[in-house]
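Offset between the sequence shown (1-based) and the numbering used here: plus 656. For reference, the structure is listed below as structure tokens.
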Amino acid sequence: MHTDILIIGAGPGGLACAKLLAEHGREVIVLERKKEIGAKVCAGGITWEGLIRLVPEELIERSFCEQYVFSNYQKVVVHEKNPIIATINRKTLGNWMAQQAMQAGVELVTGTRVSEINGRTVTVKTPSGKTKTYTCSQLVGADGSTSMVRRSLGIAAEQMGPGINYQIAGSVKKMEWHLNTRAFGYGYGWIFPHKDTVAIGAYGPRGNMSGSRLKENLIKWASARGYNLLGEQCRAALINYDYRGYSFGPIWLVGDAAGLASGLTGEGIYPAIVSGETVAKKIIDPDSTDDAITDMVKKQQLHHKVINLSAKSPAFCSLLMEMLILMLRLKFINFHTLEMAVTPGKTPQ
Ligand SMILES: Cc1cc2nc3c(=O)[nH]c(=O)nc-3n(C[C@H](O)[C@H](O)[C@H](O)COP(=O)(O)OP(=O)(O)OC[C@H]3O[C@@H](n4cnc5c(N)ncnc54)[C@H](O)[C@@H]3O)c2cc1C
């Protein structure tokens, strides 16, 4: 079967790209291996400068004007007029985005795993176990951090860090970030309240510690705070922040597939959406601007620098975390300094 544009992956990046293309009258098929849209391991944190203002209010689970940030020796409560971070359920976000894409005319094919890519020829396994082949004029890899499209282009992904999340029943009030170097090295732990659940997890950049050690430390750390994670479902995935371009002739990469998440915070939903929309615009009009991606890459490079500094030694890392809290306390920096959001107006409309 031939289609104009074939997108692999119905995450936020793929769906954002698909919707915009279909709105411009292009023929788009999105292939998704999961039966259910949006069931991605994630803490569901979205930022004010990023996604909060782009989604309807009813999609937001909880929003927070205050953020509690802890290091080994200090604590700061950051307060702002508008919600700094909100939480969102990934299935709710996924379904909302999928609905919008389909209304625009996108054909969404779920339960269909891509098993082979040869240029712009893509072979899939259908839900009935049959093999089917698609060809396309443009191929978009929106297939996440272990992207098959990226591998088919021969692009390595070395800068990847493990993220672990437990979504447990319960209701807590405060949104917390823990720059606890003893437990998480130069990563961090989080407690993100959702509607009737709490996301408790940890992330660390590559080279920080292994995923199994991070999990062990997270369980011990959470237990000391009264959260028993043993027996709860642990979900983990890699976060790709190894950006090496998004445009490769008629083949494109967006979101985690392009390595556009932040290596420092792990934030990746908003970069996926912005890059998905930018790629759509580029396909529609090759002369359109890609400033939004350029800006995100600049932010990402700044985050890389902080990671490289933190990785120098545990003592230096601890010092850096204390300095970060001090700068937040003295308001030399704010939460938005660490976000991947781009300047309003550079987000493709
Ligand atoms: C523990 C953890 C916590 C996180 N917390 C946050 C957070 O709080 N806030 C935030 O902004 N980001 C967070 N992230 C990062 C965020 O989840 C990702 O950056 C974001 O989902 C990237 O979107 P995407 O569309 O690029 O890829 P994905 O959301 O990964 O979507 C890719 C899609 O492609 C599909 N796919 C993959 N391979 C194939 C194939 N062969 N055939 C067909 N389909 C395929 C997948 O099933 C998936 O649906 C977190 C990540 C982790 C691991």
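Ideal placement from N, C-alpha and C gives every residue a C-beta, glycine not left out.
Check: Would you say Lys696 and Arg769 are within 8 Å of each other, going by their C-beta atoms?
Finding: The residue labelled residue 696 in the question sits at position 40 within the sequence shown. The residue labelled residue 769 in the question sits at position 113 within the sequence shown. No. Outside cutoff.
Checklist line | Inter-residue CB distance, Ile820 and Ala858 (contact presumed, cutoff 8 Å) | finding: As a working note, residue 820 is residue 164 in the sequence shown. As a working note, residue 858 is residue 202 in the sequence shown. Their Cβ separation, rounded to whole angstroms, is 6 Å, which keeps Ile820 and Ala858 in contact under 8 Å.
Item checked: CA nearest to the CA of Arg900, picked from Glu978, Arg807, Met979, Met983 -> Here the question's residue 900 lines up with position 244 in the sequence shown. Per the Cα distances, Arg807.
Next item on the list: Return the residue from the list Thr993, Met865, Asn751 that minimises the CA-CA distance to Pro712.
Entry: If you number the sequence shown from 1, residue 712 lands on position 56. Of the candidates Thr993, Met865, Asn751, the one whose C-alpha sits nearest the C-alpha of Pro712 is Asn751.
Margin query: So for Thr766, helix, strand or coil by DSSP?
Written below: As a working note, residue 766 is residue 110 in the sequence shown. Looking at Thr766 - three-state DSSP - the assignment turns out to be coil, as it is neither helix nor strand.
Note to self: Measuring straight from C-alpha to C-alpha, what distance separates Ala678 and Ile824?
What the structure shows: In the sequence shown, the residue the question calls residue 678 occupies position 22. In the sequence shown, the residue the question calls residue 824 occupies position 168. Roughly 38 Å between the two C-alpha positions.
Check: Where do the ends of the alpha helix (DSSP H) carrying Cys792 lie?
Finding: The sequence position of residue 792 within the sequence shown is 136, counting from 1. Segment 787 to 797 is the beta strand (DSSP E) holding Cys792; no alpha helix (DSSP H) there.
Notebook entry, point to check: Pro783: which of Tyr790, His680, Tyr822, Thr766 sits nearest, CA to CA?
Noted result: Looking up residue 783 in the sequence shown gives position 127. Minimum Cα distance to Pro783 is reached at Thr766.
Checklist line | Element boundaries [beta strand (DSSP E), containing Cys890] | finding: Numbered from 1 along the sequence shown, position 234 holds the residue referred to as residue 890. It spans 890 to 896 - the beta strand (DSSP E) in which Cys890 sits, taken as one unbroken run.
Check: Considering Ile981, what are the terminal residues of the alpha helix (DSSP H) in which it resides?
Finding: Within the sequence shown, residue 981 is the residue found at index 325, counting from 1. Start and end: 970 to 985.
Next item on the list: With Gly882 as the anchor, note down where its alpha helix (DSSP H) starts and where it stops.
Entry: For the purposes of this step, residue 882 is taken as residue 226 along the sequence shown, with counting starting at 1. Taken as a continuous stretch (DSSP letters only), Gly882 belongs to no alpha helix (DSSP H), as it is neither H nor E.
Notebook entry, point to check: Can you tell me whether His992 is buried or exposed, with buried defined as 16 or more other CB within 10 angstroms of its CB?
Noted result: The count along the sequence shown starts at 1 and reaches residue 992 at position 336. It is exposed - the Cβ of His992 has fewer than 16 other Cβ atoms within 10 Å.
Checklist line | 3-residue-minimum beta strand (DSSP E) runs that sit fully inside the segment 667 to 744, ordered along the chain | finding: You should have 684 to 687, 701 to 703, 716 to 720, 722 to 727, 731 to 735, 741 to 744.
Notebook entry, point to check: Using a Cβ-Cβ cut-off of 7 Å (strictly less than) and excluding sequence neighbours within five positions of Gly860, which residues of its own chain qualify?
Noted result: In the sequence shown, the residue the question calls residue 860 occupies position 204. The answer, listed in chain order, is Gly817, Pro818, Phe840, Gly841, Tyr842, Gly843, Leu870.
Note to self: Measuring straight from C-alpha to C-alpha, what distance separates Tyr724 and Lys830?
What the structure shows: In the sequence shown, residue 724 corresponds to position 68, counting from 1. In the sequence shown, residue 830 corresponds to position 174, counting from 1. Taking the straight line joining both Cα atoms gives about 7 Å.
Check: When DSSP builds the beta bridges, which residues end up paired with Ser903?
Finding: To locate residue 903, count along the sequence shown from 1; it is residue 247. Ser903 pairs with Trp908.
Next item on the list: Can you grab the Cα-Cα spacing for the pair Pro1004 / Glu933, in whole Å?
Entry: Here residue 1004 refers to the residue found at position 348 when the sequence shown is read from its first residue. Here residue 933 refers to the residue found at position 277 when the sequence shown is read from its first residue. Reliability fails at Pro1004, whose pLDDT of 49 lies under 50, so the model's placement of it is uncertain and the value that follows must be treated cautiously. In a straight line, the C-alpha of Pro1004 is about 6 Å away from that of Glu933.
Check: So does Ala666 have its beta carbon nearer than 7 Å to some heavy atom of ligand 1?
Finding: Locating residue 666 in the sequence shown gives position 10, where the first residue counts as 1. Flag set: Cβ of Ala666 near ligand 1.
Next item on the list: Taking 8 Å as the cut-off, decide whether the C-beta atoms of Ala913 and Val778 are in contact.
Entry: Here residue 913 is taken as the residue at index 257 of the sequence shown, counted from 1. Here residue 778 is taken as the residue at index 122 of the sequence shown, counted from 1. It is not a contact, given that the beta carbons lie outside the stated cut-off.
Notebook entry, point to check: How is Phe988 classed by DSSP in three states: helix, strand or coil?
Noted result: Residue mapping note: residue 988 aligns to position 332 of the sequence shown, counting from 1. Of the three classes helix, strand and coil, the one that applies to Phe988 here is coil, per DSSP.
Next item on the list: Could you have a look at Glu832 and say whether DSSP puts it in helix, strand or coil?
Entry: By one-based count along the sequence shown, residue 832 stands at place 176. Reduced to three states, the DSSP call for Glu832 is strand.
Next item on the list: Establish whether the CB of Gly867 and some CB of chain B are separated by less than 8 Å.
Entry: In the structure shown, chain B cannot be found, because there is only a single protein chain.
Next item on the list: Excluding the 5 residues preceding and the 5 following Gln889 in the sequence, name in chain order all residues of the same chain whose CB lies nearer than 8 Å to its CB.
Entry: Numbered from its first residue, the sequence shown carries residue 889 at position 233. Here the set comprises Tyr822, Gln823.
Item checked: Run of the alpha helix (DSSP H) containing Gly932, from where it starts to where it stops -> The residue you call residue 932 lines up with position 276 of the sequence shown. From DSSP, the alpha helix (DSSP H) with Gly932 extends over 925 to 940.
Margin query: I need the straight-line Cα distance from Ile940 to Arg709, nearest angstrom please.
Written below: Within the sequence shown, residue 940 is the residue found at index 284, counting from 1. Within the sequence shown, residue 709 is the residue found at index 53, counting from 1. The alpha-carbon atoms of Ile940 and Arg709 are separated by roughly 25 Å.
Checklist line | Supposed contact pair Gln815 and Gly915 - C-beta distance, whole angstroms, cut 8 Å | finding: For the purposes of this step, residue 915 is taken as residue 259 along the sequence shown, with counting starting at 1. For the purposes of this step, residue 815 is taken as residue 159 along the sequence shown, with counting starting at 1. Contact holds; Cβ gap of about 7 Å.
Next item on the list: Assign His850 to one of three DSSP states: helix, strand, or coil.
Entry: Position 194 of the sequence shown, counted from the first residue, corresponds to residue 850. Of the three classes helix, strand and coil, the one that applies to His850 here is coil, per DSSP.
Checklist line | Residues near Asp660 in its chain [Cβ-Cβ closer than 6 Å; skip 5 each side] | finding: In the sequence shown, residue 660 corresponds to position 4, counting from 1. Taken in chain order, the residues that qualify are Arg682, Glu683, Ser793.
Next item on the list: Return yes when the C-beta of Val910 is under 7 Å from any heavy atom of ligand 1, and no when it is not.
Entry: Position 254 of the sequence shown, counted from the start, is the residue given in the question as residue 910. Yes.
Item checked: Proximity below 8 Å, CB of Tyr926 to CB of Thr787 -> Within the sequence shown, the letter at position 270 stands for residue 926. Within the sequence shown, the letter at position 131 stands for residue 787. Not closer than 8 Å, so no.
Next item on the list: Report yes if the C-beta of Val770 is less than 7 Å from at least one heavy atom of ligand 1; otherwise report no.
Entry: By one-based count along the sequence shown, residue 770 stands at place 114. Flag set: Cβ of Val770 near ligand 1.
Checklist line | Extent of the continuous alpha helix (DSSP H) run through Gly750 | finding: Indexing the sequence shown from 1 puts residue 750 at position 94. Counting along the chain, the alpha helix (DSSP H) containing Gly750 begins and ends at 746 to 760.
Margin query: Since Ala742 and Arg718 should fall inside the 8 Å C-beta cutoff, what is the C-beta to C-beta distance between them, to a whole number of angstroms?
Written below: Residue numbering aside, residue 742 sits at position 86 when the sequence shown is read from its first letter. Residue numbering aside, residue 718 sits at position 62 when the sequence shown is read from its first letter. Their Cβ separation, rounded to whole angstroms, is 7 Å, which keeps Ala742 and Arg718 in contact under 8 Å.
Next item on the list: Please determine, among Gly922, Ile716, Leu687, the residue with the shortest C-alpha to C-alpha distance to Glu763.
Entry: In the sequence shown, the residue the question calls residue 763 occupies position 107. Residue Leu687 is the option with its Cα nearest to Glu763.
Margin query: My output table needs one value for Ile811: the three-state DSSP class, helix, strand or coil.
Written below: Within the sequence shown, residue 811 is the residue found at index 155, counting from 1. Assigned with DSSP and collapsed to three states, Ile811 falls in coil, not helix or strand.
Next item on the list: May I ask whether a heavy atom of ligand 1 can be found less than 7 Å away from the beta carbon of Asp898?
Entry: Translated into the one-based positions of the sequence shown, residue 898 becomes position 242. Not under cutoff, so the answer is no.
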